[in-house]
Amino acid sequence: MNKNSSNIMALAPTTSNKRETVCIFGTGDFGRALGHKIIQSGYPVVFGSRSTQTSSLIPKGAEVLSHMEAAQKAAIIIVAIQRQHYNFLTSLAEILRGKVLVDVSNNLKINQYPESNAEYLAQLVPGARVVKAFNTVSAWALQSGTLDASRQVFVCGDDMEAKQMVMDIVRALGLTPLDQGSLLAAQEIENYPLQLFPMWKFPILLSLGLTAFFFFYCLIRDIIYPYVYENQDFSFFIAISIPNRICPIMALILLALVYLPGVLAAIIQLYRGTKYRRFPDWLDKWMLCRKQLGLVALAFASLHVLYTLVIPIRSFVRWRISSLTVSQALSNKTEPLNTTNAWLSDSYLALGILGFFLFVLLGITSLPSVSNNVNWREFRFVQSKLGYLTLIFCTAHTLVYGGNRFLSSSSYRWYLPNAYMLSLIVPCIVLVVKFVLIFPCLDKPLTRIRQGWVRNPQYSE
Amino acid sequence: MNKNSSNIMALAPTTSNKRETVCIFGTGDFGRALGHKIIQSGYPVVFGSRSTQTSSLIPKGAEVLSHMEAAQKAAIIIVAIQRQHYNFLTSLAEILRGKVLVDVSNNLKINQYPESNAEYLAQLVPGARVVKAFNTVSAWALQSGTLDASRQVFVCGDDMEAKQMVMDIVRALGLTPLDQGSLLAAQEIENYPLQLFPMWKFPILLSLGLTAFFFFYCLIRDIIYPYVYENQDFSFFIAISIPNRICPIMALILLALVYLPGVLAAIIQLYRGTKYRRFPDWLDKWMLCRKQLGLVALAFASLHVLYTLVIPIRSFVRWRISSLTVSQALSNKTEPLNTTNAWLSDSYLALGILGFFLFVLLGITSLPSVSNNVNWREFRFVQSKLGYLTLIFCTAHTLVYGGNRFLSSSSYRWYLPNAYMLSLIVPCIVLVVKFVLIFPCLDKPLTRIRQGWVRNPQYSE
Amino acid sequence: MNKNSSNIMALAPTTSNKRETVCIFGTGDFGRALGHKIIQSGYPVVFGSRSTQTSSLIPKGAEVLSHMEAAQKAAIIIVAIQRQHYNFLTSLAEILRGKVLVDVSNNLKINQYPESNAEYLAQLVPGARVVKAFNTVSAWALQSGTLDASRQVFVCGDDMEAKQMVMDIVRALGLTPLDQGSLLAAQEIENYPLQLFPMWKFPILLSLGLTAFFFFYCLIRDIIYPYVYENQDFSFFIAISIPNRICPIMALILLALVYLPGVLAAIIQLYRGTKYRRFPDWLDKWMLCRKQLGLVALAFASLHVLYTLVIPIRSFVRWRISSLTVSQALSNKTEPLNTTNAWLSDSYLALGILGFFLFVLLGITSLPSVSNNVNWREFRFVQSKLGYLTLIFCTAHTLVYGGNRFLSSSSYRWYLPNAYMLSLIVPCIVLVVKFVLIFPCLDKPLTRIRQGWVRNPQYSE
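Residue numbers (the UniProt record's numbering), protein chains in the order written: chain A, 1 to 461; chain B, 1 to 461; chain C, 1 to 461.
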């Protein structure tokens, strides 16, 4: 319903007069914006303010009264005031008894106060029914009507009926209320809008660091080395050739890093003989951002695919192929088909295609709407079985790409191996350890440990 | 749970006998289909009808009684009758007192009546508890079991308990009830199934118009001109070459049109010195369909990518490259590598790849399930920062593609410039204005205006 | 909110002491894991167990008491015991009166018992308010914090207040409760975690079978035949050339199989003159897995696109083109452009691109979050209109690809036609029959039948 509600609202100004008056304390920007939107949705609105002068900024159709008068007119009072000014509400305690107080406030940083603003409000005015709502919506979004991101309004409160009344208003504004339970959830709801991709920080920093390292590595090997020794200017490699070396390397390493913590956890559990002791903190954090690591890896893989597919369009590649052909024609030679080369080239491409295909499948199943439609068994099947298959294909793709160049000394420049060789270290370790863990002598005890069995119950913990 | 419920139902015919009788008024197609499905889910069903003859069409297991008798047997009565026949219900008012009346009706056009059918029903039978539900499900979908689109059933009503009873039936049918609040929401719920992509009309019409214009423009320049002057038949350009000119142009223009209204809004706000006056109507509507514009632009960009990547497979391109090579071989010349060309070609491809990559990222974050998991700050970051970066990359891609051809007179045919030059106008304007707006002397007042500050409070509004 | 809740929990250990004690019966793996998580969320936890010895495995901070003592301490009792041990609860009936009993059990196979475990529990302890919950979450996921798949907790129960209490706990754990209605839904909820892609079995088996058939077909024609008659080793075709023959064939056949049941249903309805008789079982099942068939087809189409786009990078293709060019140069011939070939090549590529583009659109609209935002009319428009357009484009793509090779005898090897010819049979049948069904003389009665009209009412059913 979301996508259309705003324009329907425009087409169908509510014809009914049933809606009850809503009171808003505070005539600041957010209070006015919310008032404006609530009036549009057909509710009468009263503002409660220290100064009852009607400013030109107050939305048309709204009354401005003193806090006391305004509160008397409505069953729902939206408190659009900053937390530090809540104190004056204690003096209104008598009038606010039994009324629904909606806390819409946000803080400036996460966990700024020991208790949430809504709980603080509930302590100040014990007779009122406090509901937390609307804090995830911005004033600007309310006014401009561009509510794409913030249609969801988290609502929580201890009184079911009060919550229902607030959720009805939320729906009338064309937004989607999400019941988050009792007022205890307010802290989390208040922290929510302050975050900026908290789970993405580590994967993105890690990949930026690794990218920088491999960029300079390739710069030295592929541009500076030929310039110094062969006096050739390949600076234009910076645009495509070098990114197309870095991307697959990053994709492979990050993908392996998605599966490394699982392998480490298995080793730790086998060593300890129990699953009931906590993992070290770094491992816990690592496990929590595996999805994000995987998605960053998928981004690099996609870029690698695009960079690879444009290869035949590049003017440099066209020039190289055409001059090769011309020189063959001039020297009157026709080379026979090298079947080994054809096999190597085709199979590394095929492995890459299959690996990328499975990788995209993994990415699609990690979309929230898809993973919500999948039960735990199915999710495990996809993320674990298909995940390892992806890692195997991608590692094999890189190995076959290397082909018979691994041991040739010409691929070492200034003693630096080809960058893709470095990228094989982590995935090979993960695959080898995982392979070892599959052996029954290790798999059986591990399965039992994960089902709750403990090797030495008396020692554990 | 959705995906499997229908087959589970088949496997597990409800063994319990707890379910209460449901009465359906009306034996039309929808009433029968709904009755059939409700019986399958284990509820006893009674039909209320003018003629109590059991037709062969009535689902097996259902009784057909007079309206009065049927209503007495059940606590829930589904009114599967058209609105114009609701009148007779007034005569049953006594029996319907306290019962749950479910309005399932739809209209033929949006806002056909001043009040919604459900509200009209509530006025006719004031003693009954009216719930709106099931209107978004089609009879055909109920019968064929293909409910992919319409698993969601919007439910609204003033009585919580009545709503819960209806939502239980909805869930028993394998559908997902969505509580839309009080009966006031009925109007919107009744309008919902009548829409056909209302927000997409403008973007699609606009892009059809522009596509037609650029198609004829390119037809004249690239097919008719060479045919007239050089007598060459390039008619096959219609299949790939010309679409591959139109698609990037459309993508770039539409992407720029996504960001143009934001820039215009900023200028208007700066000029007026307040954010509290409404934007002109066309600007409001434009802002509301920016997401759709962006997605159409992404569709064109994706087609452009596909068209570009098949270039080396085209038989025309293969012929051209091979004849170039043959003529080089015959004339015994080998051209040296042109580093400038290599730079230009590689960097325009790289810019295009990065631009497309960011564009796809933007598209993914606009998926409802992804944007619901993102707060307002994160959404703004992605859509604004990443959006402008995309626009910059795509504009740069087009500029570098032009390279040194911009001023060469040979690129003008019949005084018509190359089509891609036209496509650069809008994005360049947007980027230049946006760049100007970033200067502190404009950015500061704009930020303050958006936080609610007003330059001349007495004049505004 | 989902994505961040776990780390917020870590940052903000609940400071409030309001949460009420939760009792857990059973100290098995799941009971302990759940207890651990509940304690982390700030609830006091008491375990009820036969032996009240505090094992080292019991989460820190939890008490272990006898069942009776533990039950007295809490209003909510989570029964983390297997169904076969429920019997002893009858002896506690007096203490459990009015308490909320949460059934978290799962079975080993679908529909193992005649009634669900939760309903069985409700029969054993009639005085308690039984709620089903938590069965979709795994102990391992609770402990490792990796809850990506299983954030959703299905909750059902006959008592609204009891359900609310349980849903509050669910939310406090950072999970998303989904109200599934009354306890009747427990059977379905208990079956849910036992499934492994039930709707995907048929499409995947079918495509595996067809893939194997076409693989051997192509193996014979493309590798064994040239080896026998021309003694050429094309074994490397197995990596890319043959998959790239199989994938488009599979995509086209499976896509046609998506639309075949709809066409068959129309014929059956026209023949019977009514829509009120059930389709044969196989047709019903087929219709239910159309979405999955379509998605498998899309997977094959995507692979086909990738395989096609890497063609110019393959070393075999480069060798073939270069030797062709060299031989042309040596024989001093330059071929003129063959416009017919250019037309054929360009238009089959263009048809393929458009077909794939529409196919991806169809795939995107089948994402749950997208199809939920679309009403029935819109969904039908996309899936039916756009779907047939996709089928037309893809069939035309294959027909034009064949071009003038259809009747040439050289394309038959060992009397076997080219594989792509076989793939055209089903889609052509579907398109022809659909085309016939569009004629008014058939379309009109069909529309009336689907609106509920019956040709011979007395005979039907």
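Where a beta carbon is used, it is the ideal one built from N, C-alpha and C, also for glycine.
Legend entry - Presumed contact (8 Å Cβ cut-off) between LEU367(A) and VAL22(B), rounded CB distance: Not quite, the Cβ-Cβ distance comes to about 37 Å (not below 8 Å), so this is no contact.
Legend entry - Buried or exposed (CB count within 10 angstroms, at least 16 for buried), ASN4(A): Interpretation of ASN4(A) is limited by its pLDDT of 38, a score under 50 that renders its predicted location unreliable; no figure is taken from the coordinates.
Inset, instruction - Spell out the partners DSSP gives ASP29(B) in its beta bridges. - result: In the DSSP output, where bridge partners are listed per residue, ASP29(B) has none listed.
Inset, instruction - With 8 Å as the limit, tell me which residues of the segment 155-173 of chain C have their beta carbon closer than that to any beta carbon of chain B; keep them in chain order. - result: MET160
Inset, instruction - May I ask whether a heavy atom of the ligand MN can be found less than 8 Å away from the beta carbon of GLN180(B)? - result: No copy of the ligand MN occurs in the structure displayed, which carries no ligand at all.
Inset, instruction - Label VAL59(A) either buried or exposed according to how many other C-beta atoms from any shown protein chain fall within 10 Å of its C-beta, with 16 as the threshold for buried. - result: Note on residue identity: the sequence assigns Pro, not Val, to residue 59(A). The residue in question, PRO59(A), is buried, as its Cβ has 16 or more Cβ neighbours within 10 Å.
Legend entry - Contacts around PRO243(B), its chain only, beta-carbon distance under 8 Å, and the 5 residues preceding and following it disregarded: LEU303, TYR307
Inset, instruction - Decide if the segment 74-89 of chain A is in contact with the segment 25-41 of chain A; the criterion is three or more beta carbon pairs, one per stretch, under 8 Å apart. - result: yes
Legend entry - Nearest residue (CA-CA) to TYR401(C), options LEU437(C), GLY352(C), HIS67(C), SER105(C): GLY352(C)
Legend entry - Three or more C-beta pairs below 8 Å linking the segment 119-137 of chain A and the segment 150-158 of chain A: yes
Inset, instruction - Compare the C-beta of ARG19(B) against all C-beta atoms of chain C and say whether one is closer than 9 Å. - result: yes
Legend entry - Distance CB(PRO312(A))-CB(ILE311(B)) smaller than 9 Å: yes
Legend entry - Of the listed residues HIS67(A), ARG278(A), ALA118(A), LYS291(A), nearest to SER51(A) (C-alpha basis): HIS67(A)
Inset, instruction - Taking the CB atoms as reference points, tell me whether ARG320(C) and LEU349(A) lie closer together than 9 Å. - result: no
Legend entry - Partner residues on chain A for SER369(B), Cβ-Cβ distance less than 7 Å: LEU367, PRO368, SER369
Legend entry - Beta-carbon contacts of TRP200(B) that lie in its chain and below 7 Å, excluding the five residues immediately before and after: GLN292
Inset, instruction - Check ILE95(A) in the structure and name its three-state DSSP category. - result: helix
Inset, instruction - Could you tell me which chain A residues have their CB closer than 7 Å to the CB of ASP443(B), listed as they occur along the chain? - result: Near ASP443(B) there are no residues of chain A at all, since even the closest Cβ is about 15 Å away, more than 7 Å.
Inset, instruction - Report yes or no: do the segment 32-42 of chain B and the segment 160-175 of chain B share at least 3 C-beta pairs separated by less than 8 Å? - result: yes
Inset, instruction - Keeping to the same chain, check which residues put their C-beta closer than 7 Å to that of CYS218(B); ignore five residues upstream and five downstream. - result: ILE242, ARG245, ILE246, ALA419
Inset, instruction - Report the residue from TYR225(C), TRP140(C), ILE189(C), PRO261(C) whose alpha carbon sits nearest the alpha carbon of VAL433(C). - result: PRO261(C)
Inset, instruction - Just grab the DSSP bridge partners of ASP103(A) for me. - result: VAL79(A), LYS132(A)
Inset, instruction - Assign GLY48(B) to buried or exposed, taking buried as 16 or more other Cβ atoms, counted over all protein chains shown, within 10 Å of its Cβ. - result: buried
Inset, instruction - Sort out for me which residues DSSP pairs ARG413(A) with in a bridge. - result: LEU416(A)
Inset, instruction - Using three-state DSSP, classify THR176(A) as helix, strand or coil. - result: strand
Legend entry - Residue-chain proximity (ASP233(C), chain B), Cβ-Cβ < 9 Å: no
Legend entry - Nearest residue (CA-CA) to ILE268(A), options LEU442(A), ASP222(A), ASN373(A), GLU20(A): LEU442(A)
Inset, instruction - May I ask you to report which of helix, strand or coil DSSP gives CYS23(B)? - result: strand
Legend entry - Pick from ALA33(A), MET165(A), TYR192(A) that is closest to GLN112(A), judged by C-alpha positions: TYR192(A)
Inset, instruction - State buried or exposed for GLN328(A), treating a residue as buried only when at least 16 other CB atoms are found within 10 Å of its CB. - result: buried
Legend entry - chain A contact for TYR229(C) (CB, 9 Å cutoff): no
Legend entry - 9 Å Cβ cutoff met for residue 490(A) and PRO203(A): Because chain A in this structure spans residues 1 to 461, residue 490(A) falls outside the shown range and cannot be described.
Legend entry - Sequence-distant residues of its chain with Cβ nearer than 8 Å to ARG450(A) (five each side left out): GLN269, LYS275
Inset, instruction - Assuming PHE356(B) contacts ALA301(B) (C-beta within less than 8 Å), just tell me the rounded distance between them. - result: 6 Å
Legend entry - Residue environment, HIS36(A), which counts as buried when at least 16 other CB atoms sit within 10 Å: buried
Inset, instruction - Report the neighbours of ILE313(A) on chain B: residues whose CB is nearer than 9 Å to its CB, in chain order. - result: THR308, LEU309, ILE311, PRO312, SER345, LEU349
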